[in-house]
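Colleague: Can you keep this structure in mind? I'll have questions shortly.
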Amino acid sequence: MTIFIGNLSWDTEREDLIHLFGQYGEVKKCSLPLDRESGRKRGFGFVDLANGDDETNAINDLQDVEWMGRNITVRKAEPRR
74 MTIFIGNLSW DTEREDLIHL FGQYGEVKKC SLPLDRESGR KRGFGFVDLA NGDDETNAIN
134 DLQDVEWMGR NITVRKAEPR R
């Protein structure tokens with residue numbers, strides 16, 4: 074499962090997400106998509122943890138939590154269209 078994290082601060086770096094989600098288990102993958110034209114972060118990211126139970130715990134614990142000055146949205150990512 075991939076976790077979607079929305080409403081991120083523009084200052085969020087990949088290492089910040091790895092640190093936050095690393096508290097729940099091993100982070101296998103982490104990405105912060107950039108806008109193609111401006112190269113600026115888009116305000117959301119994706120994280121994959123090694124264990125499904127750890128992912129569920131992270132989603133439940135971090136949903137609507139204030140982090141880096143923003144109330145983040147954390148949920149299971151929907152498949153790409």
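Position in the sequence shown (first residue = 1) + 73 = my numbering.
All residues carry an ideal CB built from backbone N, CA and C; glycine is no exception.
#1: Under a three-way DSSP split, which group does Glu99 fall into?
#2: Any contact between the stretch 92–111 and the stretch 130–139? By contact I mean 3 or more CB pairs, one from each, below 8 Å.
#3: Quick check: Glu139 and Ile76, are their CB atoms within less than 8 Å of each other?
#4: In the structure shown, what three-state DSSP assignment does Asn144 receive?
#5: Can you say whether Gly118 is buried or exposed, counting buried as having 16 or more other CB atoms within 10 angstroms of its CB?
#6: Under a three-way DSSP split, which group does Asp126 fall into?
#7: Comparing alpha-carbon positions, which option in Gly142, Asp121, Met141 and Arg154 lies nearest Arg148?
#8: When you compare each of Ala123, Asn80 and Gly142 to Met74 by their alpha carbons, which one comes out closest?
Modeller: From the atom records:
#1: In the structure shown, Glu99 sits in coil (DSSP, three-state: anything other than H, G, I, E or B).
#2: With a cut-off of 8 Å, the stretch 130–139 and the stretch 92–111 count as touching, because enough Cβ pairs lie within range.
#3: no
#4: Judged by DSSP in its simplified three-state form, Asn144 adopts strand.
#5: buried
#6: helix
#7: Closest by alpha carbon: Asp121.
#8: Looking at the Cα atoms, Ala123 is the closest of the given residues.
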